[in-house]
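Novice: Please find one structure pasted underneath; my questions will follow.
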Amino acid sequence: MKYKDYYAILGVARDAAADDIKKSYRKLARKYHPDVSKEKDAEEKFKEVAEAYETLKDPEKRAAYDRLGTYQPGQDFRPSSDWQHDFSGGQFSFDDLDLADLFAGLRGGGFHRAGGRRPDMPLPGEDFEVNVRITLEQSFHGTMLDLDLQIPEYDAQGRLRRVPSKFKARIPKGATDGQRLRLPGKGGKGVSGGRDGDLYLNITLAPHPLYRVSGHDLYVDLPLAPWEAVLGATVEIPTLGGPVRLKIKPGTHAGQQLRLAKRGLPKPREGEGDLYAIVQIAVPTVVHERERALYEQLARESAYDPRAHFQQETRT
Amino acid sequence: MTFEHTEALLLDEHGELTIVELTECSGLTAEEVRELIDLGALVPTGRAGAEPTFPAACIAAVRTATRLRRDFEVDTRGLALALTLLERIEALEAELRSLSARLPRRPRLTP
């Protein structure tokens, strides 16, 4: 079993008063709670903090933790036989046990299922939430996700164990950023006839090199050469469903949004979002002699003044 | 070839939940759910007079409420306030995402 220094995680001294432990926990919770924090790795950090507080806030668990002795964080150790005698009420292997699991099952001098409830009382399994990142293509087509999770479960001795749970989950098409999904019965196992917990998925979309997403609508930049914008053109636009041809009207200007109806992400129940192509005027950075001559001729002959309004609007 | 898989259910405005289902998936008590309704943090969709129902999208909010209650020991009024603010933040973030999706990127330099 790997040692964790719960006092160091909470930033308190080993002899800190219960009140100081609570204060420190509250401060860290505000900083790292995944529901309110924007800190990097907030979720991981909060888990550590919550685990440390779970043990140190309870005088019995704190005493048991103190009696383990001190080790370096991450150092492998086993509780002494005295400790096992006093707290776990028997010998068993600690090798595949996590420190948090050890204390989760501990109450009043021995291991009890979920804290001393009657063994025949049905107890629903725990719900879990995981964040999953999918690609835009996966959202477009729907996808089969391979999930590989560690689900805590109580064993016959009432100890908490992490049991690997591997399965496939079908994500319906059109699941976009912020979409939440529920997998009934895929959370923790219910005990004594209690219902199995559920698994919740929070979807985020991986950034795409081409498309930007707003709900079920997509945006793509469409660079046009100056002459294409002036004369009009037919261009090929890549969409998630394959390339489509788009007619560019003569006199198209930068910033114009050209809507390609129903070429966005499918909506889960019905319909599709749209794809918007945002026009940009792209200019070549290198021009050859002949091209330059043509531009120069154009500059001489064109009467077009793109800044005519400057003068009008500053005249007072 | 067949293999076992689980269908993930979308939690959106189309699914409907009763108070009992909402308490089951959140761990809040029915009384707490009613308090959150009274405080305006949860808005039922059912017809007036009938047993209130909730859009399935509510699940995210009540689960957040459960976590906040557990991890910060806040009371129901504090929860209601936090939920309202979190909802606003989520709406603003969605708005921000959608606005930034509309912003053209710097044109790529091509020779």
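Sequence lines, in order, name chains Y and H. Take 1 as the starting number for the first sequence in the working numbering and just add one per residue. Take 1001 as the starting number for the second sequence in the working numbering and just add one per residue. Glycine included, every Cβ here is placed at the ideal spot set by N, Cα and C.
Is there a C-beta anywhere in chain H that falls below 8 Å from the one on Y:Leu-201?
Specialist: Closer than 8 Å: yes.
Novice: On a Cα-Cα basis, can you pick out the residue from Y:Asp-58, Y:Asp-82, Y:Pro-59 and Y:Gly-11 that is closest to Y:Gly-69?
Specialist: Per the Cα distances, Y:Asp-82.
Novice: Quick check on Y:Met-1: buried or exposed, where buried means 16 or more other Cβ atoms within 10 Å of its Cβ?
Specialist: When all chains shown are included, Y:Met-1 counts as buried.
Novice: In chain order, what residues of the same chain lie with their CB nearer than 6 Å to the CB of Y:Thr-252, ignoring the 5 residues before and after it?
Specialist: So the qualifying residues of the chain are Ala-229 and Val-279.
Novice: Is there a C-beta anywhere in chain Y that falls below 8 Å from the one on H:Asp-1075?
Specialist: No, its Cβ sits nowhere closer than 8 Å to a Cβ of chain Y.
Novice: Identify, in the order they occur along the chain, each residue of the same chain with its Cβ nearer than 6 Å to the Cβ of Y:Gln-257, setting aside the five sequence neighbours on each side.
Specialist: So the qualifying residues of the chain are Tyr-276 and Ile-278.
Novice: With DSSP as the reference, label Y:Thr-135 as helix, strand or coil.
Specialist: It is coil, neither helix nor strand.
Novice: Could you tell me whether the Cβ atoms of Y:Ala-240 and Y:Leu-136 are closer together than 8 Å?
Specialist: Sequence check: residue 240 of chain Y is Leu here, not Ala. Yes, the pair counts as a contact, with Cβ atoms nearer than the cut-off.
Novice: Any idea if Y:His-288 is buried or exposed, counting beta-carbon neighbours within 10 angstroms, 16 or more meaning buried?
Specialist: Classification of Y:His-288: exposed, given that the 10 Å Cβ count is below 16.
Novice: Does the beta-carbon distance from Y:Leu-183 to Y:Val-132 come in below 8 Å?
Specialist: It is not a contact, given that the beta carbons lie outside the stated cut-off.
Novice: For a quick check, are the C-beta atoms of H:Thr-1076 and H:Glu-1024 less than 8 Å apart?
Specialist: It is not a contact, given that the beta carbons lie outside the stated cut-off.
Novice: Let me know the secondary structure DSSP gives H:Asp-1038 once reduced to three states.
Specialist: Note: H:Asp-1038 maps to helix in three-state DSSP.
Novice: Can you tell me whether Y:Gln-312 is helix, strand or coil according to DSSP?
Specialist: Residue state, collapsed to three classes: helix.
Novice: Using a Cβ-Cβ distance cut-off of 8 Å, determine whether Y:Met-144 contacts chain H.
Specialist: Yes, Y:Met-144 lies at the interface with chain H (some Cβ there is under 8 Å from its Cβ).
Novice: Considering only their Cβ atoms, is the gap separating H:Leu-1028 from H:Ala-1056 smaller than 8 Å?
Specialist: Cβ distance not < 8 Å, so H:Ala-1056 and H:Leu-1028 don't count as in contact.
Novice: If the cut-off is 9 Å on Cβ atoms, which residues from the segment 154-183 of chain Y count as contacting chain C, listed in chain order?
Specialist: No chain C appears in the structure shown, which is made up of the protein chains Y and H.
Novice: Since H:Phe-1072 meets chain Y, which of its residues come closer than 8 Å, beta carbon to beta carbon?
Specialist: Chain Y residues near H:Phe-1072: Arg-26, Ala-29, Arg-30 and His-33.
Novice: Does the CB of Y:Gln-280 have a neighbour CB from chain H at under 8 Å?
Specialist: Closer than 8 Å to some Cβ of chain H, the Cβ of Y:Gln-280 qualifies, so yes.
Novice: Taking 8 Å as the threshold, find out whether the segment 44-59 of chain Y comes into contact with the segment 1087-1101 of chain H through three or more Cβ pairs.
Specialist: Output reads no: the segment 1087-1101 of chain H does not touch the segment 44-59 of chain Y.
Novice: With 16 other CB atoms within 10 Å as the buried threshold, where does Y:Gln-150 fall?
Specialist: When all chains shown are included, Y:Gln-150 counts as exposed.
Novice: Touching or not, the segment 187-203 of chain Y and the segment 123-130 of chain Y, by the rule of three or more beta carbon pairs under 8 Å?
Specialist: Segments in contact, yes.
Novice: Starting from Y:Asp-19, trace the alpha helix (DSSP H) both ways and give me its first and last residue.
Specialist: Taken as a continuous stretch (DSSP letters only), the alpha helix (DSSP H) holding Y:Asp-19 covers 18-32.
Novice: Starting from Y:Asp-66, trace the alpha helix (DSSP H) both ways and give me its first and last residue.
Specialist: Element bounds for Y:Asp-66: 59-67.
Novice: Ordered along the chain, which non-local residues of its own chain (more than five positions away) have a Cβ less than 8 Å from that of Y:Gly-178?
Specialist: Within the same chain, Y:Gly-178 has close Cβ partners Asn-202, Ile-203 and Thr-204.
Novice: What distance in whole Å lies between the Cβ atoms of H:Ala-1065 and H:Leu-1083, which are believed to be in contact at a cut-off of 8 Å?
Specialist: About 6 Å separates the two Cβ atoms, so the contact holds.
Novice: How is the beta strand (DSSP E) around Y:Glu-51 delimited, first residue to last?
Specialist: Counting along the chain, Y:Glu-51 falls outside any beta strand (DSSP E), though it belongs to the alpha helix (DSSP H) covering 42-56.
Novice: Under 8 Å Cβ-Cβ, which residues of chain H neighbour Y:Ala-50?
Specialist: In chain order: Asp-1071.
Novice: Can you tell me whether Y:Glu-296 is helix, strand or coil according to DSSP?
Specialist: Looking at Y:Glu-296 - three-state DSSP - the assignment turns out to be helix.
Novice: Quick one: which unbroken beta strand (DSSP E) runs of 3-plus residues sit fully inside the segment 230-291 of chain Y? Chain order, please.
Specialist: DSSP runs (the beta strand (DSSP E)) wholly in the segment 230-291 of chain Y: 233-237, 244-248, 257-260 and 275-281.
Novice: Report all residues from its chain with a CB closer than 8 Å to the CB of Y:Pro-250; omit the five preceding and five following residues, and keep chain order.
Specialist: The residues are Val-230, Leu-231 and Gly-232.
Novice: Using a 10 Å radius around the Cβ and a threshold of 16 neighbouring Cβ atoms, would you call Y:Lys-166 buried or exposed?
Specialist: By the 10 Å Cβ count, Y:Lys-166 comes out exposed.
Novice: So what's Y:Gln-150 in DSSP terms, helix, strand or just coil?
Specialist: Y:Gln-150: strand per DSSP, three-state reduction.
Novice: Can you list, in chain order, the residues of its chain with a C-beta nearer than 8 Å to that of Y:Ala-18? Leave out the 5 residues immediately preceding and following it.
Specialist: Around Y:Ala-18: Lys-57 and Pro-59.
Novice: Report yes or no: is there a C-beta of chain Y within less than 8 Å of the C-beta of H:Ala-1061?
Specialist: No, H:Ala-1061 lies away from the interface with chain Y (no Cβ there is under 8 Å from its Cβ).
Novice: Counting only Cβ-Cβ distances shorter than 7 Å, please list the residues of the segment 211-242 of chain Y near chain H, keeping chain order.
Specialist: Those residues of the segment 211-242 of chain Y that come within reach of chain H (Cβ to Cβ, closer than 7 Å) are Arg-212, Val-213, Ser-214, Gly-215, Tyr-219, Asp-221 and Pro-223.
Novice: Do Y:Pro-266 and Y:Lys-173 have their C-beta atoms closer together than 8 Å?
Specialist: Cβ atoms of Y:Pro-266 and Y:Lys-173: closer than 8 Å.
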